[in-house]
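Each residue of the sequence shown is one higher than the one before, counting from 51 in my numbering.
Glycine is no exception: its CB is placed at the ideal position from the N, C-alpha and C atoms.
The structure displayed is predicted, hence computed values, not measured ones.
Below: the structure, in structure tokens.
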Amino acid sequence: MAYELKQELKLTQNLVMTPQLQLAIKLLQLSRLELVEMVREEVQTNPVLEDVSAPDMEAGGQEQSPEEPPQKPEIDWETYIEQQSEYKSGGIDFSVRDEENDIMSNISSSGGSLSEHLNWQLRMYGFTDEELSVGEFIIGNTDDDGYLRLVDRGGLSDDEYEAASLAEIARSTGSLPEDAECVLGIIQQFDPLGSCSRTLRECLLTQARNMPIRDTVMEEVIASHLDKLARKNFKGIAKALGITTEEVFEAAKSINRNLNPTPGSGFGSDESRAIVPDIYIHKVGDDYVISLNEDGMPKLKISPYYRQLLKAGGSQADKAKGYIQDKVRSAMWLIKSVHQRQRTIYRVVECIVKFQREFLDKGLKHLKPLVLKDVAAEIGVHESTVSRVTSSKYVQTPRGIFELKYFFSTGIAGHDGNAAVATEYIKEKVKKIIESEDSKKPLSDKQIVEILKESGIAVARRTATKYREALGFQSSTRRKVHY
51 MAYELKQELK
61 LTQNLVMTPQ
71 LQLAIKLLQL
81 SRLELVEMVR
91 EEVQTNPVLE
101 DVSAPDMEAG
111 GQEQSPEEPP
121 QKPEIDWETY
131 IEQQSEYKSG
141 GIDFSVRDEE
151 NDIMSNISSS
161 GGSLSEHLNW
171 QLRMYGFTDE
181 ELSVGEFIIG
191 NTDDDGYLRL
201 VDRGGLSDDE
211 YEAASLAEIA
221 RSTGSLPEDA
231 ECVLGIIQQF
241 DPLGSCSRTL
251 RECLLTQARN
261 MPIRDTVMEE
271 VIASHLDKLA
281 RKNFKGIAKA
291 LGITTEEVFE
301 AAKSINRNLN
311 PTPGSGFGSD
321 ESRAIVPDIY
331 IHKVGDDYVI
341 SLNEDGMPKL
351 KISPYYRQLL
361 KAGGSQADKA
371 KGYIQDKVRS
381 AMWLIKSVHQ
391 RQRTIYRVVE
401 CIVKFQREFL
411 DKGLKHLKPL
421 VLKDVAAEIG
431 VHESTVSRVT
441 SSKYVQTPRG
451 IFELKYFFST
461 GIAGHDGNAA
471 VATEYIKEKV
481 KKIIESEDSK
491 KPLSDKQIVE
501 ILKESGIAVA
511 RRTATKYREA
521 LGFQSSTRRK
531 VHY
């Protein structure tokens, strides 16, 4: 057998889920208090960062005179980033991202229960009543880790178990298997990605296929060789896929770094949280003015001392210069990500004000049905971005403090062709009807439907029952007072 040397040109795709992009996504879903805490921790651990909102005091107690205002911006982010041809894996050093290569550290950080978070997105998607009941059944049978548990696995393979679960959904909801599969696939795209998956393979594959840049090697490893990956049999995977061991190793690192095997693990905490508005909406004349709550937020800048060190010649050791460059890069991406987060929140709230102006002017009756897709299309972002922005964030308006999610609700067509009515308004009407009833002769759900119809709101009895239960009211027989 003869051997020969030859050159070969090969085109490959690599996953570029940089630490900077991960940081931007993480910051977006943090509440204001969590963001302030994280930024302060980074100021303490990164010597290059300075908080200019806390003035230095001289020994005599006098505040130092402020520096002359710079003639041009302190940091030209775009130019600096373009000059950095490589992003080192350790470029960002945040204490909240320890054990970066451990797949078990990639957990969600949203508050509340997973089912509440998924059900809220389900109602916002615009499903039909039949699809909505299928979705509620799927979410109702999802465990705390985010996996759909309907049938006993036993010795079933992944394919057999997924097929058996789908058949059980169709049987229990009376839907067609293809319709149930469609609803399940959509729910798995909700935040957090991979929720309601039937197997680990399906969970990881869903997340991998939604990466900013698809990595076909990583997807192949997940789809067909998870068992070998668990045993770290990289050579066996490489042989089966016809690629090098190094490519398999890189795919394994990407899986560990970017995918979350338990999408529901960050939910279900009952910790108490102080409600501090992230955004203020004030009415000035006939217009509404939006302002972000910057109270207590550190104002960051790069230390002039370390910038001078980098500009100096070769007097410093290469190792010291490399360390400073890493810290500067880390600091700049934090500053830029915080600004990007604030701009995105502002744009989302600006869009909400545009859609819900009548509610701000006239009250709850004029709250319009609004879904994530509407806002996402208006400002040109993905629906999951809007979902992250509205998570655990509050806005103070002339009509009170509301969670941003409050402004998103589906609607029911009004009676006699009137405009659609938001479900939050209907719930408020049901609440007032029940609170004003005669406790000795409580109203049945059918009677509540009739009263709503007189107000121009046509709903089915089962819908009124669902709203009543969501408000925490018992049935008429349980509400009745006998004395």
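Checklist entry - How long is the line joining the alpha carbons of Asp345 and Ile325, rounded to whole angstroms? => result Spanning the two alpha carbons is a distance of roughly 14 Å.
Checklist entry - How big is the Cα-Cα spacing for Glu321 and Glu296? => result Its pLDDT being 49, under 50, Glu321 is placed unreliably in this model, and the value from its coordinates should be taken loosely. Using only the alpha carbons, I get a separation of about 44 Å.
Checklist entry - Under the rule that 16 or more other beta-carbon atoms within 10 Å means buried, what is Ile451, buried or exposed? => result Classification of Ile451: exposed, given that the 10 Å Cβ count is below 16.
Next on the checklist: So, for Lys530: in the same chain, excluding its five sequence neighbours on each side, which residues have a beta-carbon less than 8 Å away from its beta-carbon?
Outcome noted: If we look at Lys530 and ignore the five residues flanking it on each side, its Cβ neighbours are Ser489, Lys490, Lys491 and Pro492.
Next on the checklist: Tell me which residue opens and which closes the beta strand (DSSP E) that Gly450 is part of.
Outcome noted: Segment Gly450 to Glu453, the beta strand (DSSP E) holding Gly450.
Checklist entry - What does a CB cutoff of less than 7 Å around Lys285 pick up in its chain, not counting 5 residues either side in sequence? => result Shown here for Lys285: same chain residues with a beta carbon closer than 7 Å to its own, the five before and five after excluded, namely Thr295 in chain order.
Checklist entry - How big is the Cα-Cα spacing for Lys412 and Arg449? => result Whole-angstrom Cα-Cα distance: 9 Å.
Item to check | For Leu77 and Asp208, the rounded distance between their alpha carbons | outcome: So the two alpha carbons sit approximately 35 Å from each other.
Item to check | Touch test, the region 240-249 against the region 187-197, Cβ-Cβ under 8 Å, three pairs minimum | outcome: Touching, yes.
Checklist entry - Whole-angstrom Cβ separation of Asp328 and Tyr444, contact assumed at under 8 Å? => result That pair is a contact at about 6 Å.
Checklist entry - Counting Cβ pairs, one atom from each stretch, are 3 or more of them under 8 Å apart for the region 302-309 and the region 329-336? => result The region 302-309 is not in contact with the region 329-336.
Item to check | Which listed residue (Asn96, Glu100 and Gly176) has its alpha carbon closest to that of Asp424 | outcome: Checking every option, the nearest Cα to that of Asp424 belongs to Gly176.
Checklist entry - Under the rule that 16 or more other beta-carbon atoms within 10 Å means buried, what is Val339, buried or exposed? => result Result: exposed.
Item to check | Beta-carbon separation (whole angstroms), Ile189 vs Cys253, contact threshold 8 Å | outcome: That belief does not hold up - the Cβ atoms of Ile189 and Cys253 are roughly 15 Å apart, past 8 Å.
Checklist entry - Which of helix, strand or coil does DSSP assign to Ser441? => result Coil at Ser441, not helix or strand.
Item to check | Local conformation of Leu309 per DSSP, three classes | outcome: DSSP places Leu309 in coil when its eight states are reduced to three.
Checklist entry - Hey, how far is the Cα of Pro354 from the Cα of Val89? => result Roughly 19 Å separates the two Cα atoms.
Next on the checklist: Tell me the rounded alpha-carbon separation between Cys401 and Ile75.
Outcome noted: Each residue's Cα considered, the two are about 20 Å apart.
Checklist entry - Can you give the Cα-Cα distance for Lys289 and Ser215, rounded to whole angstroms? => result Rounded to the nearest angstrom, the two C-alpha atoms are 33 Å apart.
Checklist entry - Can you tell me whether Glu210 is buried or exposed, with buried defined as 16 or more other CB within 10 angstroms of its CB? => result So Glu210 ends up on the exposed side.
Item to check | Sheet register partners of Asp101 (DSSP bridge) | outcome: Looking at the DSSP output, Asp101 sits in a beta bridge with Leu350.
Item to check | For Thr192, the residue or residues it bridges with in DSSP | outcome: Here Thr192 is bridged, per DSSP, to Leu198.
Next on the checklist: Please tell me whether Glu453 and Leu414 are closer than 8 Å, where the distance is taken between their beta carbons.
Outcome noted: In this structure, Leu414 does not lie closer than 8 Å to Glu453 by Cβ.
Checklist entry - Using CA coordinates, which residue listed in Gln63, Ile507 and Leu85 is at the minimum distance from His389? => result Minimum Cα-Cα distance from His389 among the listed residues Gln63, Ile507 and Leu85 corresponds to Leu85.
Next on the checklist: Just to confirm the assignment, what range does the alpha helix (DSSP H) spanning Ser165 have?
Outcome noted: Per DSSP, Ser165 belongs to the alpha helix (DSSP H) from Leu164 to Tyr175.
Item to check | For Ile340: DSSP bridge partner residues | outcome: Per DSSP, Ile331.
Checklist entry - Which term fits Leu521, buried or exposed, when burial requires 16 or more other beta carbons within 10 angstroms of its beta carbon? => result Per the 10 Å Cβ criterion, exposed.
Checklist entry - What does Leu276 pair with, by DSSP beta-bridge criteria? => result For Leu276, no pairing in a beta bridge is given by DSSP.
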